[in-house]
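Residue numbers (the numbering used here): 4 to 230. Here a beta-carbon is modelled for each residue, glycine too, at the ideal position from N, C-alpha and C. Quick caveat, the model's predicted, so the values are computed rather than measured.
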Amino acid sequence: MIKPQLPLQLKTSESAGFSEFIGHKNVVNNLRNYADLPAFCYLWGAACSGKSHLLSAYSQNRLHNGDSGVLFSAAVLKETDLSELLQPQGSFVAFDDLQLLAGHAVGERHLFNVFNLCRAQHISLMVASRIAPRHSDWQLPDLRSRLQSGLTLELSVLKGEQAMTLLKRQFEIQGIPSDESVFHYIASHHATDFASLNELLQKLSALSLRDKRKITVPYVKHVIAEK
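See below:
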């Protein structure tokens, strides 16, 4: 898939598979059935909407099925033209955080080159971004046209019950002891979109470690009140 002088690739995570993803069933089903997808797909949504998780799951699924491919942070394209390094026999290339290239002249040109290589060599190209393919931040007209040429899949940030379920799972993954009463309190006294919940989780994790405190309802109440 690649020549020896390759920039650092992102690793897929076993804990970030399709079965661990909550919500957006239609998007998940599309990515699971990758053989039915067009050659280019643009996955986008706000922070904490699950883009990186799904990009990892997509890559992991293809690799497990015997395909060859690579997953990168798009930031690498700011300095490296990967079209000169990728081998033509690969099955797919995936880029996370594509928004990092918007408005960056060199990065956009390198992405354009990769897009053309993938199209010419029949390599699937999957990208994830915080901004839409039509966003005005994209400066290179030919690139903007190409970004709009494939299948666009939009993710929204989870809210309510689904977001709380994801919060509980994050507590488990991070090994943070908790009680069901803690989640009941959070659901009743805090915004329940996952972006806000994730911010609270990071704050609770850091402060409880600093204060050597267990995460209880009184402690959560104290941390929320600090805002």
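DSSP beta-bridge partners of GLU157: Walking along the sequence shown from the start, residue 157 turns up at place 154. Looking at the DSSP assignment, GLU157 forms a beta bridge with TRP47.
Please list, in chain order, all residues of the same chain as HIS157 whose beta carbon is under 7 Å from its beta carbon, the five residues on each side excluded. Residue mapping note: residue 157 aligns to position 154 of the sequence shown, counting from 1. The displayed chain sequence assigns Glu, not His, to residue 157. So the qualifying residues of the chain are TRP47, GLY48.
With a 10 Å radius around its C-beta and 16 neighbouring C-beta atoms as the bar for buried, classify LEU85 as buried or exposed. The sequence position of residue 85 within the sequence shown is 82, counting from 1. With 16 or more Cβ atoms within 10 Å of its Cβ, LEU85 is classed as buried.
Would you kindly work out how many angstroms separate the C-alpha atoms of ASN36 and ASP182, rounded to a whole number? Here residue 36 corresponds to residue number 33 of the sequence shown, with the count starting at 1. Here residue 182 corresponds to residue number 179 of the sequence shown, with the count starting at 1. Rounded to the nearest angstrom, the two C-alpha atoms are 38 Å apart.
Just grab the DSSP bridge partners of VAL130 for me. Numbered from its first residue, the sequence shown carries residue 130 at position 127. The partner list for VAL130 (beta bridge, DSSP) reads TYR45, PHE98.
Cα separation between PHE118 and GLN205? As a first step, residue 118 is located in the sequence shown; it is residue number 115 there, counting from the start. As a first step, residue 205 is located in the sequence shown; it is residue number 202 there, counting from the start. So the alpha carbons of these two residues sit roughly 36 Å apart.
Between ALA77 and the rest of its own chain, which residues show a CB-CB distance below 6 Å, the 5 nearest in sequence each way excluded? Residue 77 sits at position 74 when you count from the first residue of the sequence shown. Cβ within range, chain order: PHE98, ASP100, LEU101, LEU103, LEU104.
Where does LYS215 sit, in a helix, a strand or coil, going by DSSP? The residue labelled residue 215 in the question sits at position 212 within the sequence shown. Coil, per DSSP.
Presumed contact (8 Å Cβ cut-off) between LEU146 and LEU114, rounded CB distance: Locating residue 146 in the sequence shown gives position 143, counting from the first residue. Locating residue 114 in the sequence shown gives position 111, counting from the first residue. Between LEU114 and LEU146 the Cβ distance is about 6 Å, and since that is below 8 Å, they are a contact.
How long is the line joining the alpha carbons of LEU58 and ASP196, rounded to whole angstroms? Here residue 58 corresponds to residue number 55 of the sequence shown, with the count starting at 1. Here residue 196 corresponds to residue number 193 of the sequence shown, with the count starting at 1. The alpha-carbon atoms of LEU58 and ASP196 are separated by roughly 21 Å.
Since PHE75 sits in a beta bridge, which residues does DSSP pair it with? Taking the first residue of the sequence shown as position 1, residue 75 is located at position 72. Paired residues: PHE98.
Closest by C-alpha distance to VAL31, when choosing among GLN165, ARG172, PRO41, GLY53: For the purposes of this step, residue 31 is taken as the residue at position 28 of the sequence shown. Measuring from the Cα of VAL31, the nearest candidate turns out to be GLY53.
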